[in-house]
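Please read the structure below before turning to the comments.
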Amino acid sequence: MNRFNLKKIIKISAVAVILIFFLAYAVNCSIYYRNRIEVFEVNGVIENFDMAENLMKIGYDDSVKGVVLRVNSPGGGVYASRELEKAVKKVKNRKPVVCIIEDYGASGAYYVASAASYIYAHENSMTLAIGVLAVWVDYSKYNEDKGITYWVWKSSEEKDFGAPWRPPTEEEKAMLQTQIDLIYNEFIETVAENRNMDIETVKKDANGMVYLGKDAALLGYIDSIGTFKDALEKTEELSKVKKYILVYPEDTSWDIFKRSLISGFDF
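Written as structure tokens, this is what we have:
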């Protein structure tokens, strides 16, 4: 074999090795890219249906193998919280949803968290506050003092229900209390069902008070005291994936792609 042929064989072999390396690397990257754990954040007041819609999109994305539900919320509107709780439940039926309550996850936010596969909280996270609140502000005395007069034309007696220019009637007070009681009972029943707890036990603790994470854990409303890292590890365990990309809400497609390339070096 002459020197020219030997050099040619060495070059071809080197190219083949490089191609094999990059092929293996690409396959490894694609595994990471197809296996994602998504961080879904519930921040601030829950006041619209956008969160529920966005969570459902994640839930039906087959490349997402699990969800870390990161909660920092004092609660929110009844219907928005209810829709988000339903979304968590639907997604949980397809893949694990592990919740971490950070600074606070109270009232409607705990209602949402209760539907998760597993719940973590910090020792001093503010949780529970199970209850319902409605407010009717009456400015009639203020308006009278300021000489402000309202003239109201309405199609029916209750058309100005909740109006700030008058106080509620006794019938309206009773009707509001009935609605509050219905929503409150539904809140208790949902938490009891989600947490596999006795309704009477939940009712006893559903006094509107905020409980620290460590106390809520002792009562059975939190599964473990932990951190975001613990929630991520639990999601990994329940989803049974070892190679994955962790995706945050602010990530762009380019961020996800870059992370898949970096992850690809882990053979």
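At position 246 of the sequence shown the residue is numbered 248 (the numbering used here), and the sequence of numbers has no breaks.
No residue lacks a Cβ here, since even glycine has one placed at the ideal position from N, Cα and C.
Near the ligand FMN: S116 beta-carbon under 7 Å from a heavy atom: Because no ligand of any kind appears in the structure shown, any question about the ligand FMN cannot be addressed here.
Beta-carbon contacts of A233 that lie in its chain and below 6 Å, excluding the five residues immediately before and after: Against the sequence shown, residue 233 aligns to sequence position 231. These residues qualify, in order along the chain: V70, V100, I102, Y122.
Whether M58 touches K92 by CB criterion (8 Å): Within the sequence shown, residue 58 is the residue found at index 56, counting from 1. Within the sequence shown, residue 92 is the residue found at index 90, counting from 1. Result yes, Cβ atoms of M58 and K92 sit closer than 8 Å.
Those residues which DSSP pairs with L130 across a bridge: Locating residue 130 in the sequence shown gives position 128, where the first residue counts as 1. DSSP lists A108, V212 as partners of L130.
Test item: CB-CB of E130 and V73 under 8 Å: For the purposes of this step, residue 130 is taken as the residue at position 128 of the sequence shown. For the purposes of this step, residue 73 is taken as the residue at position 71 of the sequence shown. One point to set straight first is that residue 130 is Leu, not Glu, in the sequence displayed. It is not a contact, given that the beta carbons lie outside the stated cut-off.
Range covered by the alpha helix (DSSP H) that runs through L57: If you number the sequence shown from 1, residue 57 lands on position 55. Taken as a continuous stretch (DSSP letters only), the alpha helix (DSSP H) holding L57 covers 52 to 61.
Buried or exposed (CB count within 10 angstroms, at least 16 for buried), Y120: Along the sequence shown, one-based indexing puts residue 120 at 118. So Y120 counts as buried.
Inter-residue spacing [alpha-carbon to alpha-carbon] between K205 and I190: Here residue 205 refers to the residue found at position 203 when the sequence shown is read from its first residue. Here residue 190 refers to the residue found at position 188 when the sequence shown is read from its first residue. Cα to Cα, the separation comes out at about 6 Å.
Where A89 sits in the DSSP three-state scheme: Here residue 89 corresponds to residue number 87 of the sequence shown, with the count starting at 1. Of the three classes helix, strand and coil, the one that applies to A89 here is helix, per DSSP.
Beta-carbon proximity list for W1, same chain, < 7 Å, skipping 5 on both sides: Nothing in the structure corresponds to residue 1, since the chain is present only between 3 and 269.
Run of the beta strand (DSSP E) containing S142, from where it starts to where it stops: Residue mapping note: residue 142 aligns to position 140 of the sequence shown, counting from 1. Per DSSP, S142 belongs to no beta strand (DSSP E); it is in the alpha helix (DSSP H), 142 to 147.
N126 beta carbon less than 8 Å from that of L214: Position 212 of the sequence shown, counting from 1, holds the residue named residue 214. Position 124 of the sequence shown, counting from 1, holds the residue named residue 126. In contact: L214 and N126 (Cβ atoms closer than 8 Å).
Strand pairing of F42, partner residues [DSSP]: Locating residue 42 in the sequence shown gives position 40, counting from the first residue. Paired residue(s): L71.
For L234, the three-state DSSP class (helix, strand or coil): In the sequence shown, residue 234 corresponds to position 232, counting from 1. In the structure shown, L234 sits in a helix (DSSP, three-state: H, G or I).
Extent of the continuous beta strand (DSSP E) run through A123: On the sequence shown, residue 123 is found 121 positions in, with the first residue counted as 1. Residues 120 to 123.
P98 classed as buried or exposed, judged by whether at least 16 other C-beta atoms fall within 10 angstroms: Position 96 of the sequence shown holds residue 98. Buried, by the Cβ-count rule.
Own chain partners of P169 with C-beta closer than 8 Å, once the 5 adjacent residues on each side are dropped: One-based indexing of the sequence shown puts residue 169 at position 167. Cβ neighbours of P169 beyond the five flanking positions: W138, D140, S142.
Pairwise C-alpha distance: K231 and A115: Indexing the sequence shown from 1 puts residue 115 at position 113. Indexing the sequence shown from 1 puts residue 231 at position 229. Each residue's Cα considered, the two are about 17 Å apart.
Proximity below 8 Å, CB of I39 to CB of G68: Here residue 39 corresponds to residue number 37 of the sequence shown, with the count starting at 1. Here residue 68 corresponds to residue number 66 of the sequence shown, with the count starting at 1. Yes.
Exposure label - L25; buried when at least 16 CB within 10 Å: To locate residue 25, count along the sequence shown from 1; it is residue 23. Confidence at L25 is low in this model, with a pLDDT of 48, below 50, so the placement of that residue should be treated as unreliable; the coordinate-derived value is given next. Answer is exposed; the Cβ neighbour count stays below 16.
Three-state secondary structure (DSSP) of L248: By one-based count along the sequence shown, residue 248 stands at place 246. Here L248 sits in strand by DSSP.
Distance between Y246 and C31 (C-alpha atoms, nearest Å): For the purposes of this step, residue 31 is taken as residue 29 along the sequence shown, with counting starting at 1. For the purposes of this step, residue 246 is taken as residue 244 along the sequence shown, with counting starting at 1. Confidence at C31 is low in this model, with a pLDDT of 44, below 50, so its placement is unreliable and the value that follows should be read with caution. In a straight line, the C-alpha of C31 is about 9 Å away from that of Y246.
Distance between G164 and A108 (C-alpha atoms, nearest Å): Within the sequence shown, residue 108 is the residue found at index 106, counting from 1. Within the sequence shown, residue 164 is the residue found at index 162, counting from 1. Their Cα atoms are separated by approximately 26 Å.
E104 to E43 span [Cα, whole Å]: Residue mapping note: residue 104 aligns to position 102 of the sequence shown, counting from 1. Residue mapping note: residue 43 aligns to position 41 of the sequence shown, counting from 1. Taking the straight line joining both Cα atoms gives about 11 Å.
Cβ-Cβ distance between G210 and I132 below 8 Å: To locate residue 210, count along the sequence shown from 1; it is residue 208. To locate residue 132, count along the sequence shown from 1; it is residue 130. Cβ distance < 8 Å, so G210 and I132 count as in contact.
Opposing strand residues paired with S1 [DSSP bridges]: The structure shown has nothing for residue 1, since the chain only spans 3 to 269.
Residue range of the unbroken alpha helix (DSSP H) whose run includes L184: By one-based count along the sequence shown, residue 184 stands at place 182. Start and end: 172 to 196.
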